[in-house]
């Protein structure tokens, strides 16, 4: 077993353990921290695959952006310290069975399929990605890039609209927000 | 002459009046409606009289024989079976033209009379619209060219009479009476329809002309089919005729089906004059007369017609002697007189004397229409004055209502058969026809004639003589109420002098009027005896009638209670039909039919209750199901489908 | 050399761990985190396929870049919704937002 293999399995194991801890931790804040490690682990996998750009994006956007956002929201909803309620036993068992079935089924499919790695060398220089992203010709990604930039803008505006504090101008909104259901 | 336009106008004018008054009457024509209806009926009357004049004196007679004229005929519905088709058309022949005159004249009188009688009532435009509808249906009935068309108008007549009888629909008794009239006649019409179908299927035609021509020829295909087919030992012809006669008996209030007629007096009195004197109730007589040559072929059917007619005549006369409601007396007398017409048709056999019964019946129909509507309108005037139907509330009216008194007296004399009033001539002819054919019927009729005189004059004396009662004094009535009385009184006097047999006879040939003065002695003497008895009993208020009633005992009581026919019907319908058939049917309907429907509903509901938890609103549950479904589908597709 | 299928086993396991979280967690923020895990596993797949099976192309890489961008946007919107929901319901439990049930 080569070192590369050992590193991969270690990284994979680390990521899976962190992911498992993230979905099973009773405290939301801890869960977020485990998620952080899982995402870092995934970034590590990307590094292992020599996909440095993706790995960098993973760390910058996920670890630096999404997880921080999640932690903010945890603090905003005042849930950091409490234990989260467990789902019912039946729900957990059903979910576990479904998940095991899913894993087994997918693994069976994957195992039954012989993936033969291409002998070609994968050239993933960042400049290649950059040119492709701005290319308007065949194999270029200028249009999706612009679409995604628009999407991000829309999401930003949307977030502000949704999350903006109601200052009493919208009467109906105030009424509904004043009477929580439970 | 173009009869098509003529006859079509006779039908279209009342229909137009009905539509106009029915739709716009109450909103725009509330004041004008009586004038509008009356004017259109006057036009119809003029057209009818002109049509009668043209038919009888100019065009109708070909070589001394009156020919039926088909003014118009269009195929309406073709069955594709034995060339069977239903045509709509207009038929003019002696009896339909005679009926046109009778209906339009009486209807015009009733329209006129109603202007005064219905003054101040609600919904007068609606009333006139219904009158127009009725006139339209009745005119259409007599002008029909085939059995099916007659059936269509027959039902229209039934429906419009339902509307008119129930005109005062806020009165429960009027509502009940209209329902009763409709249901009883409708029940009879069921047999009529079956008869029509038998006739049509066996003879291959509904058309009167074809039917008469085919069936009176024993060698024709239709006659053979009619005679060969049979059921329960009777030929198809007998069945068809008897069933058709049952329909006619229902409309004409013959014996077992007469129960609706007395109750139908709940309608406005002019309506009774129109429907229950001159038009609708004689529809049955008209129907039998229409098919008279076919009826002649079948002795049994003729016997049925004879005996139903004769028994109804006597039965109704007996009841009429005991009733105290002025309109009910008139209703029973109508039934009795229609009985006369019926058995007169029935005794009209074959051969030389055949024509006599037929002519006599039609003649009596003709004269009866005038004097009976006169009597009804007179009764209407009296009721209008007294505000009561009960003749015990009346008395001494001859000084207060002189014109009504005179005209009513004329009507009574006419119906009693006192010479020289109209009823005398027609009744003599009927009696003569009965004498020549069936002695037993003759004696029954003779006795009934005496009874008729008795109860009519009982009515007359109780209303117009006896002691004065207290009345709210007001005038006798408007001109529009007096004028019809006057005109009808004149007609009641003069109608008998019409040489009727010149115009109407079974074979269309003019025959001489048979008048045997010696023969008239017996009926006239009996009639005068009846009048005398009535005068002796009722001219002054006294206790003789009560004593007489007491001495007759249970017979009087039975007659007073109309021989318990209503009770019998109630027993049959309520105790037997409703209880034995209606209740189980209702149970089956409620429990089984509704049960099945409800069960399917309940099952759906239960299923919904059972599975509504699936739609829990819990996202994760949905997700779980979704995930499993996707996985299973994928598994099925990959391992079982695409292999 | 690690076989491609092992990498796919790994991403499958990551994906179903995310699914498990999605099915059992009740806190909406936790659900969001599970979704992030699932998106990551998909990204790994794209990258693996691109690198080992079709090295001549860049589609897998671009897909994962866009997925990351969209996931960031999605997370932002979702958190805005969660915060708003928390304001009105004082709870971030998925089953508490049940006004439209039945």
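Protein chains in written order, with my numbering: chain L, 249 to 430; chain A, 27 to 669; chain R, 1285 to 1386. Don't be surprised by glycine CBs; every beta carbon is placed ideally from N, CA and C. These figures come from a predicted structure and were not determined experimentally.
Three-state class that DSSP yields for residue 189 (chain L) in the structure shown: In the structure as shown, chain L begins at 249 and stops at 430. Residue 189 (chain L) is therefore absent and cannot be evaluated.
Residue 384 (chain L) to residue 1343 (chain R), Cα distance in whole Å? Stepping through the first chain from its first residue, residue 384 (chain L) is reached at position 136. Stepping through the third chain from its first residue, residue 1343 (chain R) is reached at position 59. Their Cα atoms are separated by approximately 15 angstroms.
Bridge partners - residue 95 (chain A), DSSP secondary structure assignment: Your numbering for residue 95 (chain A) matches position 69 in the second chain. Paired residues: A:118.
I need the DSSP call for residue 294 (chain A), collapsed to helix, strand or coil. On the second chain, position 268 is the one that residue 294 (chain A) refers to. It is coil, neither helix nor strand.
Check whether the Cβ of residue 373 (chain L) lies closer than 8 angstroms to any Cβ atom in chain R. As a first step, residue 373 (chain L) must be located in the first chain, where it is residue number 125. Answer no: the Cβ-Cβ gap between residue 373 (chain L) and chain R never drops below 8 angstroms.
If contacts are defined as beta-carbon pairs under 8 angstroms, then residue 332 (chain L) and residue 1311 (chain R) qualify, I think. What distance do you get, rounded to the angstrom? For the purposes of this step, residue 332 (chain L) is taken as residue 84 along the first chain, with counting starting at 1. For the purposes of this step, residue 1311 (chain R) is taken as residue 27 along the third chain, with counting starting at 1. Yes, residue 332 (chain L) and residue 1311 (chain R) are in contact; Cβ-Cβ is about 5 angstroms, under 8 angstroms.
What does the Cβ neighbour count give for residue 1285 (chain R), buried or exposed, with the cut at 16 atoms within 10 Å? In the third chain, residue 1285 (chain R) corresponds to position 1, counting from 1. Per the 10 Å Cβ criterion, exposed.
In terms of DSSP beta bridges, what is residue 139 (chain A) paired with? Position 113 of the second chain, counted from the first residue, corresponds to residue 139 (chain A). Answer is none; residue 139 (chain A) lacks a bridge partner.
Which residues in chain R have a C-beta closer than 7 angstroms to the C-beta of residue 645 (chain A)? List them in chain order. The count along the second chain starts at 1 and reaches residue 645 (chain A) at position 619. Those are 1378, listed as they occur along chain R.
Identified DSSP bridge partners for residue 100 (chain A): Here the question's residue 100 (chain A) lines up with position 74 in the second chain. Paired residue(s): A:114.
List, in order along the chain, the chain L residues whose C-beta lies closer than 9 angstroms to that of residue 1319 (chain R)? Taking the first residue of the third chain as 1, we reach residue 1319 (chain R) at position 35. Per Cβ cutoff of 9 angstroms: no residues; residue 1319 (chain R) is ~10 angstroms from chain L at best.
Alpha-carbon spacing of residue 525 (chain A) relative to residue 446 (chain A), whole angstroms: The count along the second chain starts at 1 and reaches residue 525 (chain A) at position 499. The count along the second chain starts at 1 and reaches residue 446 (chain A) at position 420. In a straight line, the C-alpha of residue 525 (chain A) is about 14 angstroms away from that of residue 446 (chain A).
Nearest-angstrom Cα separation, counted from residue 1324 (chain R) out to residue 638 (chain A): Your numbering for residue 638 (chain A) matches position 612 in the second chain. Your numbering for residue 1324 (chain R) matches position 40 in the third chain. Approximately 36 angstroms, taken between the alpha carbons.
Would you mind reading off the limits of the alpha helix (DSSP H) that contains residue 263 (chain L)? In the first chain, counting from the first residue as 1, residue 263 (chain L) sits at position 15. Looking at the DSSP string, the run of the alpha helix (DSSP H) that includes residue 263 (chain L) is 251-272.
Report back the beta-carbon spacing between residue 167 (chain A) and residue 183 (chain A) to the nearest angstrom; my notes put them in contact at under 8 angstroms. Residue 167 (chain A) sits at position 141 when you count from the first residue of the second chain. Residue 183 (chain A) sits at position 157 when you count from the first residue of the second chain. Sure, about 6 angstroms apart at Cβ, within 8 angstroms.
Does any C-beta atom of chain R lie closer than 8 angstroms to the C-beta of residue 390 (chain L)? Counted from its first residue, the first chain places residue 390 (chain L) at position 142. Not an interface residue.
Look up residue 587 (chain A) in the DSSP assignment and say whether it is helix, strand or coil. Within the second chain, residue 587 (chain A) is the residue found at index 561, counting from 1. Coil, per DSSP.
Label residue 602 (chain A) either buried or exposed according to how many other C-beta atoms from any shown protein chain fall within 10 Å of its C-beta, with 16 as the threshold for buried. Here residue 602 (chain A) corresponds to residue number 576 of the second chain, with the count starting at 1. Result: exposed.
If I measure Cβ to Cβ from residue 329 (chain A) and keep anything under 6 angstroms in the same chain, skipping five residues before and after, which residues do I get? Taking the first residue of the second chain as position 1, residue 329 (chain A) is located at position 303. If we look at residue 329 (chain A) and ignore the five residues flanking it on each side, it has no Cβ neighbours.
Please confirm whether residue 368 (chain A) and residue 406 (chain A) have their CB atoms less than 8 angstroms apart. Within the second chain, numbered from 1, the residue matching residue 368 (chain A) stands at position 342. Within the second chain, numbered from 1, the residue matching residue 406 (chain A) stands at position 380. No. Outside cutoff.
Whole angstroms are fine: how far does the CA of residue 1307 (chain R) sit from the CA of residue 647 (chain A)? What you label residue 647 (chain A) is simply residue 621 of the second chain in a count that begins at 1. What you label residue 1307 (chain R) is simply residue 23 of the third chain in a count that begins at 1. Rounded to the nearest angstrom, the two C-alpha atoms are 8 angstroms apart.
Starting from residue 314 (chain L), find everything on chain R with Cβ-Cβ shorter than 8 angstroms and list it in chain order. The residue you call residue 314 (chain L) lines up with position 66 of the first chain. Under the 8 angstroms cutoff, chain R gives 1320, 1355, 1356, 1359.
Are the CB atoms of residue 283 (chain A) and residue 220 (chain A) within a distance shorter than 8 angstroms? As a first step, residue 220 (chain A) is located in the second chain; it is residue number 194 there, counting from the start. As a first step, residue 283 (chain A) is located in the second chain; it is residue number 257 there, counting from the start. Contact flag unset, no.
Beta bridge counterpart(s) of residue 369 (chain A) as assigned by DSSP: Start at 1 with the first residue of the second chain, and residue 369 (chain A) comes out as number 343. Paired residue(s): none; residue 369 (chain A) is not in a bridge.
Counting only Cβ pairs nearer than 8 angstroms, list the residues of chain A close to residue 349 (chain L). Counted from its first residue, the first chain places residue 349 (chain L) at position 101. Neighbours of residue 349 (chain L) on chain A, chain order: 654, 657.
For residue 475 (chain A), report the span of its alpha helix (DSSP H) as first-last. Numbered from its first residue, the second chain carries residue 475 (chain A) at position 449. Looking at the DSSP string, the run of the alpha helix (DSSP H) that includes residue 475 (chain A) is 465-490.
Count the C-beta pairs between the segment 119-131 of chain A and the segment 85-98 of chain A that are closer than 8 angstroms, then say yes if the count reaches three, no if not. yes
Run through the segment 169-199 of chain A for me and flag every whole alpha helix (DSSP H) of 4 or more residues, listed as ranges in chain order. 173-191
Going along the chain, which residues of its own chain have a beta-carbon closer than 8 angstroms to the beta-carbon of residue 653 (chain A), five neighbours each way excluded? Locating residue 653 (chain A) in the second chain gives position 627, where the first residue counts as 1. Excluding residues within five positions, none has a Cβ falling inside 8 angstroms.
Compare the beta carbon distance of residue 270 (chain L) and residue 1291 (chain R) with 8 angstroms and say whether it is the shorter of the two. Here residue 270 (chain L) refers to the residue found at position 22 of the first chain. Here residue 1291 (chain R) refers to the residue found at position 7 of the third chain. No; because the gap between Cβ atoms is not below 8 angstroms, this pair is not in contact.
Buried or exposed: where does residue 367 (chain L) fall if 16 or more other Cβ atoms within 10 Å of its Cβ makes it buried? Taking the first chain and counting its residues from 1, the one referred to as residue 367 (chain L) is at position 119. Residue 367 (chain L) comes out exposed.
Which partner residues of residue 261 (chain A) appear in the DSSP bridge assignment? The residue you call residue 261 (chain A) lines up with position 235 of the second chain. Answer is A:256, bridged to residue 261 (chain A).
Based on the DSSP output, what are the partners of residue 535 (chain A) in its beta bridges? The sequence position of residue 535 (chain A) within the second chain is 509, counting from 1. In DSSP, residue 535 (chain A) forms a bridge with A:91.
Apart from the five residues on each side of it in sequence, which residues of its chain come closer than 7 angstroms, Cβ to Cβ, to residue 397 (chain A)? The residue labelled residue 397 (chain A) in the question sits at position 371 within the second chain. Closer than 7 angstroms at the Cβ level, and outside the excluded window around residue 397 (chain A), lie 437, 440, 441, 448, 449, 518.
Can a CB atom of chain L be found closer than 8 angstroms to the CB of residue 1329 (chain R)? Residue mapping note: residue 1329 (chain R) aligns to position 45 of the third chain, counting from 1. Output row for residue 1329 (chain R): interface = no.
DSSP three-state label for residue 1311 (chain R), please. Locating residue 1311 (chain R) in the third chain gives position 27, counting from the first residue. In this structure, residue 1311 (chain R) counts as strand in the three-state DSSP scheme.
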